[in-house]
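Report on the structure given below.
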Amino acid sequence: MTVRIGTGDYVSPVDERVRTPEPLAPRLPDIAGRTVGLLDISKNRGEAFLDRVEFHIEAAGARTIRWTKEIFSKPAALALIDEIACRADLVVEALAD
Amino acid sequence: MQEQRAPALSVISVDGVVGLDALTARGAALLVFVSEECPTSAMALRNLGPLCRGWEAGGLTAAVVFEDPLDVALRVARRLGWTGRVLSQPPPYAASRAYGLVTVPTTVLVGPDQAIEGTVVGWDQPRLAVLIERACAILGTDGTALAAPPASEPLLKPGCSSKAAIDPEVAAAISRSAADDEMEEMYERGWTDGLPVVPPTLDRVEAMLGGADGAQSLGLVPPSMGEATLERVAACAVLAGCRPEYFPVVVAASRAVLDPAFNLHGQGVTTQPAGQLVVVNGPVRRAIGLNSGMGALGPGFRANLTIGRAVRLLATLCGGAVPGGLDRATLGQMGKIGFCVAEDEEASPWEPLHVERGFEAGQSVVTVIGSDAPLNISDHRSRSPEDLAYVLAWAAASAWSTNWWPLAEPSVFVICPEHSAMFRDAGWSKQRLREYMFTAVRRQAGELRRGETTPLVHAADPEIAISKWASPESIVLLVAGGEAGRYSAVLGPCTGMGSQIISREVESA
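Protein sequence lines, in the order shown, are assigned to chains W and L. Using my numbering, the letters of the first sequence correspond one by one to residues 23 to 119. Using my numbering, the letters of the second sequence correspond one by one to residues -5 to 503.
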C-alpha cells in the first residue's frame, strides 16, 4: 500500500487491512447439565490447575471433557478446535505456568 | 422528539467505500468524527477505542471518521488503541458537512432505522454515557449490555474546529504541518525498531525489488498474519538500511522464518528472549560483503547488521510482533534487533553448515535458528583438543536454565579460527567434536533437582547421568571471527517452541 507523507509517497511495510472483530459467543446463564471442555495447552502444571477447575465445574452440575494441545507455543490444530466446538458447550483453557 | 434521518454517508475504508447501510447492518452505529491534529479527538479515541469490540459484539458498530487521509487514519487509530472501524474522508469533507459538524470530536448515534438518536460534541463523558444507554435501549438490551465510557478526568473537554467548518486552505495547511519531517514520521507511524530507519520511498523500494513482482506473496507473517508480499519485504529491507544486492538474502531468510516448522508464531509472542539467528553460507557472503572475520558477531558491517534487521522488521511490522504489544518478551535481547552471521568457510577445517544440511558447497544458503543471545567463551590456555572441547561445552551448561537438562533444541557454537585450528591440527572432525562435547557435559539427576528442571530429571534415578543435550545433533558448530584471539561463543536455544532449523537457497535476482 502506498501512503503519502507530505509531498512524498512511501510503501507501507504493514498489512493495513483491518479485520472485523469476531463477536463473542453468547454467554451461558449457567453450566448445569452442560459439557465443559478443559483444554491443557501443555504448559507446566496446566493439568493440576485443570484438576481443580474440573472439581468445581462438576460440583456445579456440568460434565467435562479434557483435551491437550500438542505444544503450547503453536496454535491449536484445526481438527482439535473443530472437535472441541462440536462436543463442548464452552471451554476453559489453562494458559500459562 | 422529532426524528431526524441520518444523512447519507460515503467514506473510505481499507476495503473500499463504505455507506451507512453497511454500518447499521448489524444494529446501530456510533460515528465518531475526529481529526488527527485535535488532542480532544485523540482523547476520545483512547477512551472509547478499547470498548469498540464489546460494542460490536452487542450490535453497536463503532466507526471513527477521520478528516484525514486513510493511511493517517489507520496509523493514528492503531496508535491510540481504537478497535472499531476506521474511515476517512478527503477534502472538502463531505461527510462532516452533511452532519453539520463544527467541532471534532463529534459522536453521533445512528439507529437501525438510520435515524439520529443522539449527538455529543467534544469529550463529554456524562453525555456519552447517556448516548450508550440510548444505544442499549434501541437495541433492546439492558442498560449494562454495552460498556459505558470510562469516567476518566477530565469529564469534559472542548473539541477543535472541524476542517469542514474552516477555510479549505487553512485546513490543508494544518494537514501538511504534521508531515514535515519524514524521519520523525517513520517513528510516528511505528515503522521502526526504535532506531532511525531509511524511509521506504517508491524509488527505493522499486530498486530493492530489482524488477521482481512486488505483489508476489511469501506467505502470512504470524502472529497478526499480515501478508508478506515482496513489496512489503522490500519496504522492510529499505527501512533496515539494506542495499538492493542484499535483497535475495533477505528474501531467502524471510522464506525460511515463514516455514511453519520454524514456529515464528511462538517465537514472536513468547516471554523468552527469542531471536532469529540468520546464518549465511556460500558465495553470496563475499559477493555482498558479509563479514565472517574480525568482529563477526558485532557492529561495523552493513550487510550483517541490515539483513538481520530486515527480517526482524518483517516480523514486527508485517507480523505485528511489536515489543510490548504482541511481543511479550520479559527482557528481550539485542539480537532481536537483528542477528546475521556469515560462516568463515575458508578458515574452517570442517564442512560448512549448509553442506552439512545437504546443499552443495557452491550454493548460497540462508539458515535460520531460533536462539538466545551469545555468551562469550574465553580459552587461551587449553593445550589439547579435549581440554578446549571441555571448556567450550561446559560454557553452555547453563544455557536456557542452570538445571534444565537435557536441551532438545539447538545450541549454536561460533568457534573462532584459533580454536578451530587446534581441532584441525589434531585431526578432529566436526562430528568427533560434537560427540565429545555431548559426552563431556553430564551431571547426575540428583544434582540437577533444584529449582527449574525437566520432567526427565525429576523422574530419573538420582544416580543416573543426564547430558546437557538430548543428542550430539543439538550442537551446531560454525566457524567465524578474527584470526587473532581465542574467544568463541555459544548461543543458547529457544525452548518449548518445537522450532526446527530451516535452510533456504538464495535465489539470484
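We put the beta carbon where it would ideally sit given N, CA and C, even for glycine.
Are the C-beta atoms of W/Lys96 and some chain L residue less than 7 Å apart? As a first step, residue 96 of chain W must be located in the first sequence, where it is residue number 74. Yes, its Cβ sits closer than 7 Å to a Cβ of chain L.
Determine the DSSP secondary structure at L/Tyr570, reduced to helix, strand or coil. Residue coverage of chain L in this structure runs from -5 to 503, which leaves residue 570 of chain L outside it and unanswerable.
So what does DSSP say about W/Ile93, is it helix, strand or coil? Within the first sequence, numbered from 1, the residue matching residue 93 of chain W stands at position 71. Coil.
Kindly say whether L/Ser472, judged by its beta-carbon, lies nearer than 7 Å to any beta-carbon of chain W. Taking the second sequence and counting its residues from 1, the one referred to as residue 472 of chain L is at position 478. Looking at the sequence itself, residue 472 of chain L is Leu, so the reference to Ser does not match. It does not; no Cβ of chain W falls within 7 Å.
Own chain, CB closer than 7 Å to L/Ile469, minus 5 neighbours either side, in chain order: What you label residue 469 of chain L is simply residue 475 of the second sequence in a count that begins at 1. So the list reads Ser405, Phe407, Arg428, Met431, Phe432 and Trp463, once near-sequence residues are dropped.
Flag this pair as yes or no: are the beta carbons of L/Ala474 and L/Ala201 separated by less than 7 Å? In the second sequence, counting from the first residue as 1, residue 474 of chain L sits at position 480. In the second sequence, counting from the first residue as 1, residue 201 of chain L sits at position 207. Going by C-beta atoms, L/Ala474 is not nearer than 7 Å to L/Ala201.
Mind listing the chain L neighbours of W/Arg39? Cutoff is C-beta to C-beta under 7 Å, in chain order. Position 17 of the first sequence, counting from 1, holds the residue named residue 39 of chain W. Correct list: Val8.
For L/Leu17 and W/Ala82, I'd like the C-alpha separation in whole angstroms. Taking the first residue of the second sequence as position 1, residue 17 of chain L is located at position 23. Taking the first residue of the first sequence as position 1, residue 82 of chain W is located at position 60. Going from the Cα of L/Leu17 to the Cα of W/Ala82 covers about 41 Å.
Straight-line CA distance for L/Pro277 to L/Leu284? The count along the second sequence starts at 1 and reaches residue 277 of chain L at position 283. The count along the second sequence starts at 1 and reaches residue 284 of chain L at position 290. So the two alpha carbons sit approximately 10 Å from each other.
Starting from the beta carbon of W/Pro45, find every residue of chain L whose beta carbon is closer than 8 Å, and list them in chain order. Your numbering for residue 45 of chain W matches position 23 in the first sequence. Per Cβ cutoff of 8 Å: Glu50 and Ala51.
Out of L/Pro1, L/Leu369, L/Glu446 and L/Glu337, which one is the CA nearest neighbour of L/Val360? For the purposes of this step, residue 360 of chain L is taken as residue 366 along the second sequence, with counting starting at 1. Considering only alpha carbons, the answer is L/Glu337.
Cβ of L/Pro238 less than 7 Å from any chain W Cβ? Reading the second sequence from its first residue, position 244 is the one you call residue 238 of chain L. No, its Cβ sits nowhere closer than 7 Å to a Cβ of chain W.
W/Pro48: which of L/Cys230, L/Pro33 and L/Gly53 sits nearest, CA to CA? Residue mapping note: residue 48 of chain W aligns to position 26 of the first sequence, counting from 1. If we check each option's Cα against that of W/Pro48, L/Gly53 comes out closest.
Given this structure, state the Cα-to-Cα distance separating L/Val500 from L/Glu163, to the nearest angstrom. To locate residue 500 of chain L, count along the second sequence from 1; it is residue 506. To locate residue 163 of chain L, count along the second sequence from 1; it is residue 169. Straight-line Cα distance between these residues: approximately 51 Å.
Taking all protein chains shown into account, do 16 or more other C-beta atoms lie within 10 angstroms of the C-beta of L/Met328, making it buried, or fewer, making it exposed? Along the second sequence, one-based indexing puts residue 328 of chain L at 334. Label assigned to L/Met328: exposed.
Spatial neighbours of L/Ala141 within its chain, please: CB distance less than 6 Å, with the 5 preceding and 5 following residues excluded, ordered by chain position. As a first step, residue 141 of chain L must be located in the second sequence, where it is residue number 147. So the list reads Leu45 and Gly48, once near-sequence residues are dropped.
DSSP three-state call for L/Trp117: helix, strand or coil? Within the second sequence, residue 117 of chain L is the residue found at index 123, counting from 1. Strand.
Residues of chain W with CB closer than 7 Å to the CB of L/Trp185, please, in chain order. If you number the second sequence from 1, residue 185 of chain L lands on position 191. Those within 7 Å of L/Trp185 in chain W are Pro35.
Span of the alpha helix (DSSP H) holding W/Cys108? Stepping through the first sequence from its first residue, residue 108 of chain W is reached at position 86. Where W/Cys108 is concerned, the enclosing alpha helix (DSSP H) stretches over Leu100 to Arg109.
Closer than 7 Å, Cβ to Cβ, to anything on chain W: give me those residues from the region 247 to 262 of chain L, in chain order. Asn257, His259 and Gly260
Using a Cβ-Cβ distance under 7 Å, would W/Ile79 count as near chain L? Within the first sequence, the letter at position 57 stands for residue 79 of chain W. Cβ-Cβ to chain L under 7 Å: no for W/Ile79.
Just curious, the beta strand (DSSP E) that L/Tyr481 is in, first and last residue? Along the second sequence, one-based indexing puts residue 481 of chain L at 487. Run containing L/Tyr481: Tyr481 to Pro487, per the beta strand (DSSP E) assignment.
If you count every other CB in all the chains shown that lies within 10 Å of the CB of L/Arg198, and 16 or more means buried, which is it? Counting from one through the second sequence, the residue named residue 198 of chain L turns up at place 204. So L/Arg198 ends up on the buried side.
Residue range of the beta strand (DSSP E) that L/Arg20 falls in? Position 26 of the second sequence, counting from 1, holds the residue named residue 20 of chain L. Where L/Arg20 is concerned, there is no enclosing beta strand (DSSP E), given that its DSSP letter is neither H nor E.
Three CB pairs or more closer than 8 Å across the region 180 to 196 of chain L and the region 145 to 161 of chain L: no
Check each candidate in L/Phe60, L/Gly94, L/Tyr93 and L/Arg91 and name the one with the smallest Cα separation from L/Gly78. Locating residue 78 of chain L in the second sequence gives position 84, counting from the first residue. Comparing Cα positions, the closest option is L/Phe60.
So, helix, strand or coil for L/Thr77, using DSSP? The count along the second sequence starts at 1 and reaches residue 77 of chain L at position 83. Coil at L/Thr77, not helix or strand.
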